[in-house]
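Below: the structure, in structure tokens.
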Amino acid sequence: MAILEVQNIHKSFGRTEVLKGISFSLEKGNVLSIIGSSGSGKTTLLRCINFLETADTGRITVDGDVIFDSDTQAKLSPREKRDKQLKIGLVFQQFNLFPQYNVLDNVTLAPRLRAKEREDYKKNKKQINAEIEEKAKALLEKMGLSDKLQNYPCELSGGQQQRVSIARAMALEPKILFFDEPTSALDPELTGEILKVIRELAEEHMTMVIVTHEMNFAKDVSDHIVFMDHGVIAEEGRAEDLFNNPQSERLKAFLNNYD
Amino acid sequence: MAQFFQQFPTVFAALNVGFLQTLKLFICTLLGALPLGLLISFGSMSKFKPLSLVTRLIVWVVRGTPLMIQLLIIFFFPGLVWGKPIWGGGESGRFLAATVAFIINYACYFSEIYRGGIQSIPVGQHEASQVLGLTKSQTFFRVVLLQVVKRIVPPMSNEIITLVKDTSLARIIALQEIIWAGQSFMKGSHGIAGQIWPLFFTGVYYLLFSGILTLLFNKLEKKLSYFKV
Ligand SMILES: Nc1ncnc2c1ncn2[C@@H]1O[C@H](COP(=O)(O)OP(=O)(O)O)[C@@H](O)[C@H]1O
Ligand SMILES: [Mg+2]
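Right, dumping it as structure tokens:
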């Protein structure tokens, strides 16, 4: 069964319809890349799935649990919304690290606050926080940042900041990790280190949805590709098929721009 | 010169009494205006249009007119127009009226600084907090607040040092603060008359006071310099 199911998402800003009925699904452990020209609605789609925008209609299911349903959304308490939100994680184009916290604290802040809601928190406080810190350190080591734990975001390169933000998102153990153009804010020579990290996550079968303009990367790393155009999915399919044998004129034109 | 040294202890004692009143006005103004300013800034940022419009109108009027006029109006208006002097007589009445005028005036200035600080925090900070499952209040206290504080320390320190000097405006309603105390030696007080140096000497108090505050604010700025916003 699919771990992510997105059904019939519509979203308008004022009178502009930006998403015109988006549906797709994703298998556990797979990587899906979303490609498409600028303005086609990729960011809006990710923002709707991550609750940063509220879709006008549609339904989103993660691991069998409905996290969004436009019919019942208004009835959810903030607490319920947060619980659903935490099934998925989002990595921003602009990193959005918290500037006043060092690298380690950026990663542990949310898990620590989250842990306070546990029933056994008072009793096992020390142990819980120690575990959170251990896990954060392990994640940061994986990101190659073990020697930066005490540094502040302003002391890091863009690539290092983005790796911290990936660790920060993963610290909450989301079932699916979303990336919105994770390399677009980086100098070209720094994009490689981020793509490498994402590749490693893919090898470990992290379920991911990646909006990207790096076509070669998308082709390599993805199991499935969705091509968006003017608020609809114009074409989708297995990565090799879609790149080697595009069907629609729009996708052909789009891919030609990258050769 | 001999006369100066003879008069100095008397003048010094009288100026200290006046300065105490200045200091009291300064502290009461801050205690009232710092939180009231935050309320006003929330009002001016409210999504409820009538509230934000009225708040901004009040702020505009208060910031656009001299504090001295506001002092005079607040002090005299109740007695002259309603025939009801609400402030009570004597020094304590004048102090109360002055404090109210200063709190209103400074709260409006502070509210604009707060508003600028809060609105300057990138929306990405709120969005990152949200996707990490932070509540609204966790986002404000754990993520936004310190960034706002860092941003507003320089303009707030300017405003607070201006307040040190602005307290002298309370002289206009005869509050017995340090300028009033210095001036009293021109007409005659404590057996000393026709002396202007005590009035000039009050400047030393203002210099020292604002100097100390400047040092404290610089320290605070340094303390917050470990991160960039
Ligand atoms: N908050 C918003 N208000 C109004 N229009 C928006 C807003 N966000 C995005 N749009 C519009 O929606 C369209 C799709 O934007 P976006 O989802 O950012 O596309 P992409 O990420 O594919 O470049 C654009 O035309 C954009 O101007
Ligand atoms: Mg985008």
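Line by line, the protein sequences give chains C and V. Residue numbering for the first sequence follows our numbering, beginning at 41 and increasing consecutively. Residue numbering for the second sequence follows our numbering, beginning at 7 and increasing consecutively. Yeah, the Cβ is synthetic: ideal placement off N, Cα and C, and Gly gets one too. These numbers were taken from a predicted model, which means no experiment stands behind them.
Just checking: is the beta-carbon of residue i within a distance shorter than 8 Å of some beta-carbon in chain V?
i               : result
G316 of chain C : In the structure displayed, chain C extends from 41 to 299; residue 316 of chain C sits before or after that span and is not available.
L86 of chain C  : no
A150 of chain C : yes
L126 of chain C : yes
G104 of chain C : no
G232 of chain C : no
G54 of chain C  : no
G61 of chain C  : no
G129 of chain C : yes
Could you confirm whether any beta carbon from chain C is found closer than 8 Å to the beta carbon of residue i?
i               : result
G130 of chain V : yes
V106 of chain V : no
R148 of chain V : yes
Name the chain C residues whose beta carbon is nearer than 8 Å to that of residue i?
i               : result
E133 of chain V : L92, F132 and N136
With which residues is residue i paired in a DSSP beta bridge?
i               : result
G129 of chain C : C:L217
M162 of chain V : According to DSSP, M162 of chain V bridges with nothing at all.
F135 of chain C : DSSP output for F135 of chain C lists no bridge partner at all.
V71 of chain C  : C:M248
M268 of chain C : C:I273
V46 of chain C  : C:F64 and C:I100
K51 of chain C  : C:L59
Run through chain C and tell me which residues come within less than 9 Å of residue i, C-beta to C-beta.
i               : result
T141 of chain V : P118, R119, R122 and L153
Using the beta-carbon of each residue, which ones in chain V are nearer than 8 Å to residue i?
i               : result
L212 of chain C : L138 and G139
Determine the chain V residues that contact residue i at a beta-carbon separation under 7 Å, and present them in chain order.
i               : result
P139 of chain C : Q153, F233, K234 and V235
Q47 of chain C  : Correct list: empty, because the minimum Cβ distance to chain V is about 21 Å.
Give the interface partners of residue i over in chain V, defined as CB-CB distance under 9 Å, in chain order.
i               : result
Q190 of chain C : Per Cβ cutoff of 9 Å: no residues; Q190 of chain C is ~11 Å from chain V at best.
Show which residues of chain C have a CB atom less than 7 Å away from the CB atom of residue i.
i               : result
Q144 of chain V : L153
Going by beta-carbon coordinates alone, are residue i and residue j separated by less than 8 Å?
i               : j               : result
S117 of chain V : I167 of chain V : no
I49 of chain C  : E67 of chain C  : no
M268 of chain C : S80 of chain C  : yes
K124 of chain C : D96 of chain C  : no
D281 of chain C : V71 of chain C  : no
E254 of chain C : T223 of chain C : yes
P214 of chain C : I128 of chain C : yes
S52 of chain V  : R62 of chain V  : no
S174 of chain V : A20 of chain V  : no
V170 of chain V : S216 of chain V : yes
Discussion item. Taking 5 Å as the limit, name every residue whose beta carbon sits nearer than that to some heavy atom of ligand 1, in sequence order.
Written reply: C:F53, C:V58, C:S78, C:G79, C:S80, C:G81, C:K82, C:T83 and C:T84
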